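Visitor: Let me begin by handing over the structure; questions about it come next.
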Amino acid sequence: MSVAVPSVARMRQAARESVSGLPRAFWWLWTSTLVNRLGGFVAPFLAMYLTVDRGYSATYAGLVGALHGLGGAVSAVGAGVMTDRLGRRPTLLISQSATAVSVAVLGFVQDPAAIAAVAFLVGMAYNGSRPAVQAMMADIVAPEDRIRAFSLNYWAVNLGFAFSATVAGLIAEHGYLALFLGEAIMTLLCAVVVFVKLPESRPVREDGEDGAMGPAVDEPEAGLGAVLRDRGFMAVVALSFLIATIIQQGFVGLPVAMGASGLSSSDFGLAVAANGVLIVALQIPVTRFIEHREPTRLLVGAALLIGYGFGLTAFAGSVGMYALTVCVWTIGEIINTPIQMGLVARLSPTHGRGRYQGVYVLSWSLAALVAPLAGGVVIDHYGADVLWAACAVTGTLAAAGYAVLMRAIPAG
2 MSVAVPSVAR
12 MRQAARESVS
22 GLPRAFWWLW
32 TSTLVNRLGG
42 FVAPFLAMYL
52 TVDRGYSATY
62 AGLVGALHGL
72 GGAVSAVGAG
82 VMTDRLGRRP
92 TLLISQSATA
102 VSVAVLGFVQ
112 DPAAIAAVAF
122 LVGMAYNGSR
132 PAVQAMMADI
142 VAPEDRIRAF
152 SLNYWAVNLG
162 FAFSATVAGL
172 IAEHGYLALF
182 LGEAIMTLLC
192 AVVVFVKLPE
202 SRPVREDGED
212 GAMGPAVDEP
222 EAGLGAVLRD
232 RGFMAVVALS
242 FLIATIIQQG
252 FVGLPVAMGA
262 SGLSSSDFGL
272 AVAANGVLIV
282 ALQIPVTRFI
292 EHREPTRLLV
302 GAALLIGYGF
312 GLTAFAGSVG
322 MYALTVCVWT
332 IGEIINTPIQ
342 MGLVARLSPT
352 HGRGRYQGVY
362 VLSWSLAALV
372 APLAGGVVID
382 HYGADVLWAA
392 CAVTGTLAAA
402 GYAVLMRAIP
412 AG
């Protein structure tokens with residue numbers, strides 16, 4: 002008992018240090034993210050709603066899912082521009098209000114073409130908030146605390162997703178319309194938090210451009226052309242795309258491969274649950290460990306863990322072994338995400354943060370489009386083992402890319 006007390010005290014001290022020193026505005030932004038993700042009911046069950054409840058084919062459900070992803074890709078860059086021009090707060094309010102309306106409409110439309118069109122709009126509206134959230138965090142959090150802040154926000158995203166995915170299954174038993182209306186209500190609540198508690202954070206321009214919180218910065222605005230010409234940043238985007246494409250296979254190639262091995266959907270649920278459980282349990286302590294360490298080795302190691310974690314799936318034959326491989330690549334994801342997001346914030350000029358974050362978000366949106374197509378083609382024509390080997394090769398390429406890139410980027 003005497004040994005346990007100091008251990009508990011150390012855990013409490015570590016928890017206090019993990020959350021201390023961050024501004025009040027960050028915690029309201031964090032709260033809005035958590036509320037938003039707690040109500041993320043529709044996306045995980047959209048395919049099941051279309052096939053089981055509405056009786057559409059799997060092909061049609063896949064098309065709707067692809068259009069949802071395409072909407073997110075389209076809005077990423079546009080929302081980034083809005084974030085810089087209109088401000089972070091207006092972009093958040095527009096995105097969240099549009100999401101609430103479009104999700105509610107999606108629950109009522111009947112025509113297949115209308116469902117597909119509204120799903121595209123939902124994807125656009127939902128993804129439009131991401132550049133604004135990440136730009137606002139870069140505005141209000143000191144550079145030395147950004148990795149910790151991005152990690153805490155990512156933890157909120159996964160905590161909310163774990164809750165919403167569980168609750169959504171229970172709600173769906175009483176009718177899928179309740180899912181759509183529930184998400185609309187929670188998204189509106191998120192918008193209320195932003196409206197009431199979050200001031201605009203866009204930095205003030207020396208030439209008199211309005212801004213509410215940030216200091217005056219004598220720096221020209223970065224247009225999209227400047228973003229695309231920034232070779233260092235675009236290299237980060239390309240590496241992010243590779244990492245995201247691998248991680249997407251955990252929700253695309255993995256269930257297909259497990260099904261082909263004779264395992265059930267509940268077996269897949271048990272295996273992939275390790276991803277959410279580990280992120281919720283380990284994201285904060287791992288971030289404390291890596292926060293002030295040299296990022297190059299961490300990014301290289303994370304890419305190898307992600308790539309070879311999926312590569313090990315070729316040797317899995319039971320639910321426990323599949324879960325073990327999920328644990329390996331999840332640890333890589335936990336390390337990669339906050340460091341990479343902090344790197345994006347460091348490379349983004351003050352008056353171009355929205356555009357830079359929009360292009361970065363685009364890398365994940367495009368991966369969500371490419372991964373299902375690539376994974377399906379490889380499995381159908383060459384088998385799942387080739388897909389897992391390709392993931393290992395892609396992870397190795399990403400690791401080499403990080404090693405080269407970080408030598409070319411000045412330390413910050």
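Residue numbers for the sequence shown follow our numbering, beginning at 2 and rising by one. C-beta: ideal position from N, C-alpha, C; glycine also. Computed from a predicted structure; not experimentally measured.
#1: I think Val142 touches Phe242, with their Cβ atoms under 8 Å apart; what is that distance to the nearest whole Å?
#2: Which term fits Gly73, buried or exposed, when burial requires 16 or more other beta carbons within 10 angstroms of its beta carbon?
#3: Using C-beta distances below 6 Å, list every residue in its chain close to Leu296, excluding the 5 sequence neighbours before and after it, in chain order.
#4: Under three-state DSSP, which class holds Ala157?
#5: Measuring CB to CB, does Gly81 end up less than 8 Å from Val360?
#6: If I'm right that Tyr403 touches Ala304 with Cβ under 8 Å, what's the distance once you round it to whole angstroms?
#7: What residues in its chain sit with their C-beta under 7 Å from that of Glu292, if we drop five residues either side in the sequence?
#8: Could you please give the first and the last residue of the uninterrupted alpha helix (DSSP H) stretch that includes Leu87?
#9: Report buried or exposed for Ala261, applying the criterion of at least 16 other Cβ atoms within 10 angstroms of its Cβ.
#10: Counting only the same chain and skipping the five closest in sequence on each side, list residues whose C-beta sits under 7 Å from that of Val238.
#11: Taking only three categories from DSSP, how would you classify Phe42?
#12: Assuming Ala133 contacts Arg89 (C-beta within less than 8 Å), just tell me the rounded distance between them.
#13: Short of 8 Å in beta carbon distance, which residues of its chain neighbour Leu348, apart from the five on each side in sequence? Order them along the chain.
#14: Skipping 5 residues on each side, what residues in its chain have a beta carbon closer than 6 Å to that of Leu190?
#15: Using the Cβ count rule (16 or more neighbours within 10 Å means buried), how would you classify Val158?
#16: Quick check: the region 266 to 276 against the region 383 to 396, are at least 3 beta-carbon pairs closer than 8 Å?
#17: By Cβ distance, which residues of its chain are closer than 7 Å to Val75, with the 5 residues on each side in sequence left out?
#18: With DSSP as the reference, label Ser130 as helix, strand or coil.
#19: Check Ala143 in the structure and name its three-state DSSP category.
#20: Can the beta-carbon of Ser165 be found closer than 8 Å to that of Gly66?
#21: Comparing alpha-carbon positions, which option in Leu300, Tyr57, Thr60, Leu255 lies nearest Gly318?
#22: Short check: CB of Gly333 to CB of Gly310, under 8 Å?
#23: So does the region 95 to 110 actually touch the region 178 to 185, counting three or more Cβ pairs closer than 8 Å?
#24: Count the other CB atoms, across all protein chains shown, that sit within 10 Å of the CB of Val253; report buried if there are 16 or more and exposed otherwise.
#25: To the nearest angstrom, how far is it from the Cα of His69 to the Cα of Thr288?
#26: What are the boundary residues of the alpha helix (DSSP H) that His382 is part of?
#27: Mapping the DSSP letters down to three states, classify Asp386 as helix, strand or coil.
#28: Is it right to say His175 is buried, meaning 16 or more other beta carbons lie within 10 angstroms of its own, or is it exposed?
#29: CB Gly312 to CB Cys392, shorter than 8 Å?
#30: If you run the structure through DSSP and keep just helix, strand and coil, what is Thr397?
#31: Among Pro113, Trp389, Pro200, whose alpha-carbon lies nearest the alpha-carbon of Gly56?
#32: Looking only at its own chain, which residues have a Cβ that is under 7 Å from the Cβ of Thr29, when we skip the five neighbours before and after it?
#33: If we ignore side chains and look at the alpha-carbon of each, how far apart do Thr92 and Ser130 end up?
Guide: Reading from the atomic positions:
#1: Start at 1 with the first residue of the sequence shown, and residue 142 comes out as number 141. Start at 1 with the first residue of the sequence shown, and residue 242 comes out as number 241. Not a contact, Cβ separation roughly 25 Å.
#2: As a first step, residue 73 must be located in the sequence shown, where it is residue number 72. Buried, since its Cβ has 16 or more Cβ neighbours within 10 Å.
#3: Locating residue 296 in the sequence shown gives position 295, where the first residue counts as 1. Here residue 296 turns out to be Pro, not Leu, going by the sequence shown. Ile340, listed in sequence order.
#4: By one-based count along the sequence shown, residue 157 stands at place 156. DSSP places Ala157 in helix when its eight states are reduced to three.
#5: Your numbering for residue 81 matches position 80 in the sequence shown. Your numbering for residue 360 matches position 359 in the sequence shown. In contact: Gly81 and Val360 (Cβ atoms closer than 8 Å).
#6: Taking the first residue of the sequence shown as 1, we reach residue 403 at position 402. Taking the first residue of the sequence shown as 1, we reach residue 304 at position 303. With a contact defined as Cβ atoms closer than 8 Å, Tyr403 and Ala304 qualify at about 6 Å.
#7: What you label residue 292 is simply residue 291 of the sequence shown in a count that begins at 1. Taken in chain order, the residues that qualify are Ile148, Arg149.
#8: Residue mapping note: residue 87 aligns to position 86 of the sequence shown, counting from 1. DSSP places Leu87 outside any alpha helix (DSSP H), giving it a letter other than H or E.
#9: One-based indexing of the sequence shown puts residue 261 at position 260. By the neighbour-count rule (16 or more Cβ atoms within 10 Å), Ala261 is not buried but exposed.
#10: For this step, residue 238 is matched to residue 237 along the sequence shown. Short of 7 Å from the beta carbon of Val238, and not among the five residues preceding or following it, lie these beta carbons of its own chain, in chain order: Val360, Tyr361, Ser364.
#11: What you label residue 42 is simply residue 41 of the sequence shown in a count that begins at 1. DSSP, read as helix, strand or coil, puts Phe42 in coil.
#12: The residue you call residue 133 lines up with position 132 of the sequence shown. The residue you call residue 89 lines up with position 88 of the sequence shown. Contact flag correct, Cβ pair sits at about 5 Å.
#13: Along the sequence shown, read from residue 1 onward, the residue named residue 348 stands at position 347. Here the set comprises Asp231, Gly233, Phe234, Val237, Tyr357, Ile410.
#14: As a first step, residue 190 is located in the sequence shown; it is residue number 189 there, counting from the start. For Leu190, the CB contacts under 6 Å within the same chain, skipping 5 residues up- and downstream, are Val36 in chain order.
#15: Along the sequence shown, read from residue 1 onward, the residue named residue 158 stands at position 157. Buried: at least 16 other Cβ atoms inside 10 Å.
#16: Counting Cβ pairs under 8 Å, fewer than three are found: no touch.
#17: If you number the sequence shown from 1, residue 75 lands on position 74. Once the five neighbours on either side are set aside, the close Cβ partners of Val75 are Met125.
#18: Indexing the sequence shown from 1 puts residue 130 at position 129. Residue state, collapsed to three classes: helix.
#19: As a first step, residue 143 must be located in the sequence shown, where it is residue number 142. Here Ala143 carries a coil assignment [DSSP, helix/strand/coil].
#20: Residue 165 sits at position 164 when you count from the first residue of the sequence shown. Residue 66 sits at position 65 when you count from the first residue of the sequence shown. Contact: no.
#21: What you label residue 318 is simply residue 317 of the sequence shown in a count that begins at 1. Answer by Cα proximity: Leu255.
#22: The residue you call residue 333 lines up with position 332 of the sequence shown. The residue you call residue 310 lines up with position 309 of the sequence shown. The answer is yes: Cβ separation under 8 Å.
#23: Three or more beta-carbon pairs drawn from the region 95 to 110 and the region 178 to 185 are found closer than 8 Å, and the two stretches are therefore classed as touching.
#24: Here residue 253 refers to the residue found at position 252 when the sequence shown is read from its first residue. Per the 10 Å Cβ criterion, buried.
#25: To locate residue 69, count along the sequence shown from 1; it is residue 68. To locate residue 288, count along the sequence shown from 1; it is residue 287. Each residue's alpha carbon lies about 32 Å from the other.
#26: The sequence position of residue 382 within the sequence shown is 381, counting from 1. 354 to 383 is the extent of the alpha helix (DSSP H) around His382.
#27: On the sequence shown, position 385 is the one that residue 386 refers to. Three-state result, Asp386: helix.
#28: On the sequence shown, position 174 is the one that residue 175 refers to. Result: exposed.
#29: In the sequence shown, counting from the first residue as 1, residue 312 sits at position 311. In the sequence shown, counting from the first residue as 1, residue 392 sits at position 391. Closer than 8 Å, so yes.
#30: If you number the sequence shown from 1, residue 397 lands on position 396. Three-state result, Thr397: helix.
#31: Within the sequence shown, the letter at position 55 stands for residue 56. The candidate whose alpha carbon is nearest that of Gly56 is Pro113.
#32: On the sequence shown, position 28 is the one that residue 29 refers to. Note that residue 29 is Trp in the sequence shown, not Thr. Only Val194, Lys198, Leu199 meet the Cβ criterion.
#33: Stepping through the sequence shown from its first residue, residue 92 is reached at position 91. Stepping through the sequence shown from its first residue, residue 130 is reached at position 129. Roughly 7 Å between the two C-alpha positions.
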